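Keeping their order, the protein sequence lines are chains A and B.
Okay, so the first sequence: first residue is 1 according to UniProt numbering, each after it adds one.
Okay, so the second sequence: first residue is 1 according to UniProt numbering, each after it adds one.
Think of the CB as a built atom: it goes at the ideal place given N, C-alpha and C, for glycine as much as any other residue.
If you're wondering where the values come from, they're calculated on a predicted model, not measured in any experiment.
Below: the structure, in structure tokens.
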Amino acid sequence: MAASILRRSLLTPRCRAGDVAALHSGPSRRRAQAPGPIASGRRAANSPAGERGVAPWVAVVGLEIHAQISSNSKLFSGSQVQFAAPPNSLVSFFDASLPGTLPALNRRCVEAAVMTGLALNCSINKKSLFDRKHYFYADLPAGYQITQQRLPVAVNGSLSYSLCVGRKKNQMVTRTVRIKQIQLEQDSGKSLHDDIRSQTLIDLNRAGVGLMEVVMEPEMSSGEEAAAAVRELQLILQTLGSSQAIMAEGQLRVDANVSVHHPGEAYGVRTEVKNINSARFLARAIDYEIQRQIKELENGGTVMNETRAFDFKLGCTIPMRDKEGKQDYRFMPEPNLPPLILYDTKSLPANTNHQQVVNIDWIRERLPDLPSVRRVKLVEQYGILPEHSFTLLNEDGLMEFFESVVRQTQMNPKKVIGWILNDMLGYLKQHNLKVKESPVSSLFLADLLNLLERGTISSSAAKQVLEELWKGEGKTPLQIVKEKKLELIQDQQELEQICQAVMEGHQEEVMEIKKGNQKVLNKLIGLVQRTTRGRVDPVLVKQILEKRLSQ
Amino acid sequence: MRKSGGGRMWILRFGRYIRGAPSGGASYWGGLSPGRRFTQAAAGGSDGRQDAAGDPRRRGRVYQNPTWQHVEQRPLPEKKVTVEVFDHLERLALVDFRNWEGVQRLEKAIQFADQLHAVNTEGVEPMDSVLEDRCLYLREDNITEGNCSEELLRNARETVEEYFIAPPGNIPLPKLEERDTFLQVSE
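As structure tokens, then:
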């Protein structure tokens, strides 16, 4: 009840409630400053030259991703991790930072971080240290966050992602972005702002939950690349099981650092964009911010080093607060936690308690197949195109659906994939359904495709049957075919009769064909199809017509 | 006659008060004859801290000569802390350098800590925790705590429907010019 009159805070510790400044820069930002010297040569990654003949701009995008670790209990305490629960019911004394409490590290969180580090090709630091990052905010009861700033768990990795380029978006290219580090840290609580009563309500259920912060190098140059990278990371995390990575539930939070500069010059001033709730909004927010910065600089202004929030309703970024100087976090080593030592099979001392030891090699052996590997396997196993396997893995559950259909049908997987991606996926998107909510089960689709393959029905009839199946009334494809009498006419005599009738009814066209215009033949075939309501095999009809016409 | 004070017993033996451990008794003296001055460390003695250097009993355990060196109190460079730094500190740590004495105290503290610069730390790994030899205990991923919202909320002065109440957002300190602090008065 209290929540209905409140608005959710913009989650970050440094934003001020009600601090919404004007969208566009004020008069103080206009200065008589010409843009930089025109660089020679190189084509920019995006943004063509401006109207005034200004040199092309290059955008630099770096991402900081916080992924909530999927575990039963929190990082340093034994309270439960759950998304929706009564306020402050999942809070232990340590999470509320009552005096005298100490952190106890959760083994599962360490394993999740190591798994993610190995999946992203990082080198795992056998010794990592915990630090305190101090800042004041009401949802951080201790006044500091335990994180790993000096020596994180994993460093120097890479993430490969594919995206569609080209005007028709049909060329898949693979790009790589380097991962600077992956570290373990604590989450803060949630604050709900009540502007009417000028107060903030604090819920500490989320305080202390384990997060993995993935810091990427600023090597991307557009919103699309960033969205593709985040999507790939999401798939990897979901495959590993280290995080469920649902952006809508706040399990995956992305902050983007955006700056623009001319190629060949030094990097521009960067701004940080926060409050992004989905991968699509991420692309939009970054693109908006790039355009805003370009416009600002082309008009002679400067870009301020600030934090901006993305307002998805307006589709723009709004300044959150001015960073006058850098925030001083006063990092210090966490005095209550010794260094975290990880072992591999070589360095594992004998007679150790297995519960107290995290073995990197043990985890590496048990890593599941990553999405990139699964895509390659799909292409090899079924002979489908890489773009198809990309789409299959992109949709939750679609790959399993496809594989189950292929198992139950005799049709070639290359044809099945067409049905899955064009028809099934089209219907799902139209009705905004997930694969598991599909009214058409894989069994029904397999039956339908079998009927098609055996020649019982034509492909246009099959599409009609699919439409009928989509209503989800529980009828099998065979029943629908019988009801609507969609079987192909197999009887040769009947076919010949129908063709004869059509030819007699359209003497003009027959004349045309006899003169040599073959294209009219297709019209006759179409007419035959229409009379029989799609129950004829076009190939057969063509044969019969040609035979008759040549008589 | 026995007097006891401060954990040590003064035992009268042979006309002389001799310091002994609280666990006094015939066994304490071992097999040594009472008249001889002890020149070796006695078994079972507990506190020799205060008379270490001089007490002949302890001669074997504690260095006779100090191993530390006296550092000359060179007049270290007087680092004046600027007003901007004070403002920054006040903002960060929410302290109030109320008057000149507060500022002086900070400067003296900095000077005191600066003595560390006299130590040569070349080639020495920095120590970041006294726990560096300890094993970090890894806890199993089980739910063992929580569900004590009533107890926690009792600590707060104001609560609303099981939420803690806090002031709205982060209200930063007003800028130095607008603040009523002695810093701008004096500098």
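Around residue 110 of chain B, no beta-carbon contact reaches into chain A at under 7 Å, the shortest distance being about 16 Å. At a Cβ-Cβ threshold of 8 Å, residue 279 of chain A and residue 227 of chain A count as neighbours. Contact between residue 174 of chain A and residue 158 of chain A fails: their C-beta atoms lie close to 11 Å from each other, not under 8 Å. Taking a 10 Å sphere around the C-beta of residue 352 of chain A, we find fewer than 16 other C-beta atoms and assign the residue as exposed. Per DSSP, residue 308 of chain A is one residue of the beta strand (DSSP E) stretching across 306-311. Out of A:466, A:415, A:470, the CA that lies nearest to the CA of residue 439 of chain A is found in A:470. C-alpha of residue 131 of chain B to C-alpha of residue 335 of chain A: approximately 8 Å in a straight line.
For residue 343 of chain A, there is no enclosing beta strand (DSSP E), as DSSP marks it with neither H nor E.
Across the structure, residue 203 of chain A and residue 191 of chain A are spaced so that their CA atoms are roughly 6 Å apart.
Under the DSSP assignment, residue 65 of chain A falls outside any alpha helix (DSSP H), being part of the beta strand (DSSP E) whose first and last residues are 58-68. Against residue 106 of chain A, the close residues of chain B are 139, 141, in the order they occur along the chain (beta-carbon pairs closer than 7 Å).
Minimum Cα-Cα distance from residue 149 of chain A among the listed residues A:84, A:329, A:320 corresponds to A:329.
Counting the other CB atoms within 10 Å of its CB gives residue 313 of chain A a total below 16, which places it among the exposed residues. Taking a C-beta cut-off of 8 Å against chain B, the contacting residues of the region 71-93 of chain A are 71, 72, 73, 77, 78, 79, 80, 86, 87, 88, 89, 90, 91, 92, 93, listed in chain order.
By a beta-carbon distance limit of 8 Å, residue 212 of chain A contacts residue 243 of chain A. Their separation comes to about 7 Å. Residue environment: residue 130 of chain A is assigned as buried (16 or more neighbouring CB atoms within 10 Å of its CB, all protein chains considered). DSSP, reduced to helix, strand and coil, places residue 395 of chain A outside both helices and strands of the structure shown, so it counts as coil. Note that the C-beta distance between residue 184 of chain A and residue 245 of chain A is not below 8 Å. Between residue 549 of chain A and residue 510 of chain A a beta carbon distance of about 7 Å is seen, short of the 8 Å cut, so the two are scored as contacting. When the Cα atoms are used, residue 499 of chain A and residue 472 of chain A turn out to be separated by approximately 36 Å. Proximity of residue 168 of chain B to chain A, defined by a Cβ-Cβ separation below 8 Å, is satisfied. Contacts with chain A at 8 Å (Cβ-Cβ) do not include residue 61 of chain B.
Residue 393 of chain A is positioned such that its CB atom lies no closer than 8 Å to that of residue 205 of chain A. Shown in chain order are the members of the region 86-109 of chain B whose Cβ falls below 8 Å from a Cβ of chain A: 88, 92, 94.
Distances from the CA of residue 186 of chain A to each of A:493, A:293, A:359, A:142 were compared; the closest alpha carbon is that of A:142. Assignment of residue 85 of chain B by DSSP, reduced to helix, strand and coil, places it in the helix class.
When C-alpha distances from residue 196 of chain A are compared across B:177, B:174, B:179, B:168, the shortest belongs to B:168. The residue among A:200, A:494, A:133 with its C-alpha nearest the C-alpha of residue 159 of chain B is A:200. With respect to the C-alpha of residue 404 of chain A, the residue from A:382, A:422, A:386 having the closest C-alpha is A:382.
Of all residues in the region 142-158 of chain B, those with a C-beta nearer than 7 Å to a C-beta of chain A are 142, 143, 144, 145, 146, 147, 149, 152, 153, reading in chain order. Taking 8 Å as the cut-off, the Cβ atoms of residue 360 of chain A and residue 342 of chain A count as close. Beyond the five residues adjoining it in sequence on each side, residue 121 of chain A comes within less than 6 Å, by CB distance, of 157, 158 in the same chain, given in chain order. Residue environment: residue 194 of chain A is assigned as buried (16 or more neighbouring CB atoms within 10 Å of its CB, all protein chains considered).
Using a Cβ-Cβ cut-off of 7 Å, residue 131 of chain B is close to 338 of chain A, given in chain order. Taking a C-beta distance under 8 Å as the contact criterion, residue 297 of chain A and residue 357 of chain A do not qualify as a contact pair.
Looking at the backbone, the Cα of residue 417 of chain A and that of residue 400 of chain A are separated by about 12 Å.
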